[in-house]
Amino acid sequence: MKAKEYLHQAYRLDKRIQSNIEEMERLRELSTSVSSPSWGERIQTQRHTDALFVRYLERIEELQIKINDEVDHLVALKAEIRDVINKVTDIDERMVLRYRYVHNFTWEQIGDELNADKSTIRRWHGNALNHVIVPENPITIQKLNSNEHF
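Counted from 1, the sequence shown has number 110 at position 111 by numbering that gives the first Met the number 0; the numbering is strictly sequential.
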């Protein structure tokens, strides 16, 4: 795994967590809404005896478990990434990596924080990636994917 791919995992996992939280919020809204009964003729092979909101609540519970697992994984991943970044000797390069991969700053935000222009930030970033040593057995998102509940 290359340095940039390794460091970028936390961003992708954070976005996945946010997406799951948004889905859970939509399900919560649906679970509190009242649906009207259907008076038309319906033919089903199986009849669901649970109310619709119960199915929403079950899905919310499953999502909450998944989100908790992902948050635990993100915390461990970010701790490992911080350790890797802290081994970069040049302070400017280290700060660019920290702002980019731990705090998810944009290039402009990093430039503002470090009082440097965008091209300087990108140069420091490129140099820093050459100094990153990815652990032999890194924490990865793929390990989390293999442990998914559903």
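Glycine included, each C-beta is placed from N, C-alpha and C at the ideal position.
Reduced DSSP category for SER18 - H, G, I as helix; E, B as strand; rest coil: Counting from one through the sequence shown, the residue named residue 18 turns up at place 19. Correct three-state label for SER18: helix.
Check whether the Cβ atoms of MET23 and ILE64 lie closer than 8 Å to each other. One-based indexing of the sequence shown puts residue 23 at position 24. One-based indexing of the sequence shown puts residue 64 at position 65. No, the pair does not count as a contact, with Cβ atoms beyond the cut-off.
ASN126, enclosing alpha helix (DSSP H) - first and last residue: For the purposes of this step, residue 126 is identified with residue 127 of the sequence shown, where counting begins at 1. Start and end: 117–130.
By a C-beta neighbour count over all protein chains shown, 10 Å radius and 16 as the cutoff for buried, is HIS102 buried or exposed? Within the sequence shown, the letter at position 103 stands for residue 102. Exposed is the call here.
Three-state secondary structure assigned by DSSP to THR139: Counting from 1 along the sequence shown, the entry for residue 139 is found at position 140. THR139: coil per DSSP, three-state reduction.
Given a threshold of 16 other Cβ atoms within 10 Å of its Cβ, counted over all protein chains shown, does ALA78 qualify as buried or as exposed? Within the sequence shown, residue 78 is the residue found at index 79, counting from 1. ALA78 should be labelled exposed.
8 Å Cβ cutoff met for HIS124 and VAL87: The residue you call residue 124 lines up with position 125 of the sequence shown. The residue you call residue 87 lines up with position 88 of the sequence shown. Contact: no.
Three-state secondary structure assigned by DSSP to PHE104: To locate residue 104, count along the sequence shown from 1; it is residue 105. In this structure, PHE104 counts as coil in the three-state DSSP scheme.
Within 8 Å, strictly: CB atoms of GLU69 and LEU12: Position 70 of the sequence shown holds residue 69. Position 13 of the sequence shown holds residue 12. Taking 8 Å as the Cβ cut-off, GLU69 and LEU12 qualify as a contacting pair.
Spatial neighbours of HIS7 in its chain, beta-carbon cut-off 8 Å, leaving aside the 5 residues before and after: As a working note, residue 7 is residue 8 in the sequence shown. The answer, listed in chain order, is TYR100.
Unbroken alpha helix (DSSP H) run spanning TYR55, endpoints: Here residue 55 is taken as the residue at index 56 of the sequence shown, counted from 1. Counting along the chain, the alpha helix (DSSP H) containing TYR55 begins and ends at 51–85.
Does the distance from the CB of ILE138 to the CB of LEU96 come in under 8 Å? For the purposes of this step, residue 138 is identified with residue 139 of the sequence shown, where counting begins at 1. For the purposes of this step, residue 96 is identified with residue 97 of the sequence shown, where counting begins at 1. No.
At what residues does the alpha helix (DSSP H) containing ASP91 begin and finish? Mapped onto the sequence shown, residue 91 falls at position 92. Per DSSP, ASP91 belongs to the alpha helix (DSSP H) from 90–96.
Report buried or exposed for TYR10, applying the criterion of at least 16 other Cβ atoms within 10 angstroms of its Cβ. On the sequence shown, position 11 is the one that residue 10 refers to. It counts as exposed.
Tell me whether the beta-carbon of LEU113 lies closer than 8 Å to the beta-carbon of MET94. Position 114 of the sequence shown, counted from the first residue, corresponds to residue 113. Position 95 of the sequence shown, counted from the first residue, corresponds to residue 94. Contact: yes.
Using alpha carbons as the reference points, say which of ASP71, ASP111, ILE80, TYR98 lies closest to ILE16. Residue mapping note: residue 16 aligns to position 17 of the sequence shown, counting from 1. Taking only the C-alpha atoms, the option nearest ILE16 is ASP71.
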